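The next block holds one structure in the form of structure tokens; read it before the comments.
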């Protein structure tokens, strides 16, 4: 399949150059969505051969991904793999998604950090398992790590589902909307790399936004 790697990035100058370089060396096309960075994220990504889309002001991960999905469809890719720009996802795991698709022909192949969550903060493990359980019930299929941003999605899915979320809750929105359309989701194990980076998820604001979104989806079900 013709597959492109999509990287939403906001002020990721520390990690983006090495990340894009390693992905490009594996033979993948790369699109970086520079979401209003005030550092050299865009310059460094371009220097490593990525196509860069700039929002010029911070618009949120959801909006950045929607822009990237539209570009991937426009350029006739068959699938995308979304990768976070902070270096927490290993390019070596890209092969897991391709293999998972080839074996299953699932519409979405989701990364699963929970089989080996070494380094993941304990509170994040608990929260992730709890929310993944709820979202799996809504989706009527088991998804082990619903909050993982490392995932393979066929553009057939992206052409059908309507995405509206502007920030981190888009990870959940993709799974729920795809499930409601009858698309199949599987999981593959990945590693997750935790260093000294600070999470961009605001513990109060983003939790409230996430709960509101989930509540709306449950009410619709």
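Residue numbers (the numbering used here): -17 to 203. The beta-carbon is built from N, C-alpha and C at its ideal position, and this holds for glycine as well. Note that this is a predicted model, so its numbers are computed, not measured.
{"Item": "Got a sec? Which residues, its chain only, sit under 8 Å from residue 114 by beta carbon, not counting five neighbours each side?", "Value": "96, 125, 126, 127, 128 and 129"}
{"Item": "Consult DSSP for residue 119 and reduce its assignment to one of helix, strand or coil.", "Value": "helix"}
{"Item": "Exposed or buried, which one is residue 198 when buried takes at least 16 other CB atoms within 10 Å?", "Value": "exposed"}
{"Item": "If I'm right that residue 94 touches residue -11 with Cβ under 8 Å, what's the distance once you round it to whole angstroms?", "Value": "That pair is no contact at about 20 Å."}
{"Item": "What is the DSSP secondary structure of residue 198, counted as helix, strand or coil?", "Value": "helix"}
{"Item": "How would you call residue -16, buried or exposed, if buried means at least 16 neighbouring beta carbons within 10 angstroms?", "Value": "exposed"}
{"Item": "Can you give me the Cβ contacts of residue 4 inside the same chain, cut-off strictly under 7 Å, excluding the 5 residues immediately before and after it?", "Value": "73"}
{"Item": "Have a look at 156, 137 and 75 and flag the residue whose alpha-carbon is nearest the alpha-carbon of residue 8.", "Value": "75"}
{"Item": "What are the boundary residues of the alpha helix (DSSP H) that includes residue 47?", "Value": "43 to 56"}
{"Item": "Do you know offhand how far residue 111's Cα is from residue 62's?", "Value": "25 Å"}
{"Item": "Compare the Cα-Cα distances from residue -3 to each of 100, 168 and 30 and report the closest residue.", "Value": "30"}
{"Item": "By alpha-carbon positions, which one of 69, 78, -9 and 158 ends up nearest to residue 50?", "Value": "-9"}
{"Item": "For residue 91 and residue 79, I'd like the C-alpha separation in whole angstroms.", "Value": "6 Å"}
{"Item": "What separation, rounded to the nearest whole angstrom, lies between the Cα atoms of residue 26 and residue 169?", "Value": "32 Å"}
{"Item": "Can you tell me where the beta strand (DSSP E) holding residue 132 begins and where it ends?", "Value": "No beta strand (DSSP E) contains residue 132, which DSSP labels as neither H nor E."}
{"Item": "Indicate whether at least one CB of chain D lies closer than 8 Å to the CB of residue 23.", "Value": "Going by chain labels, chain D is absent from the structure shown, which holds only one protein chain."}
{"Item": "Whole angstroms are fine: how far does the CA of residue 167 sit from the CA of residue 59?", "Value": "19 Å"}
{"Item": "Closer than 7 Å by C-beta to residue 139: which residues in its own chain qualify, once you throw out the five before and the five after it? Chain order, please.", "Value": "89, 90, 160 and 165"}
{"Item": "Pick helix, strand or coil for residue 37, following the three-state DSSP scheme.", "Value": "coil"}
{"Item": "Work out the CA separation of residue 54 and residue 196 for me, nearest whole Å.", "Value": "27 Å"}
{"Item": "Would you decide whether residue 43 is buried or exposed? Buried here means 16 or more other CB atoms lie within 10 Å of its CB.", "Value": "buried"}
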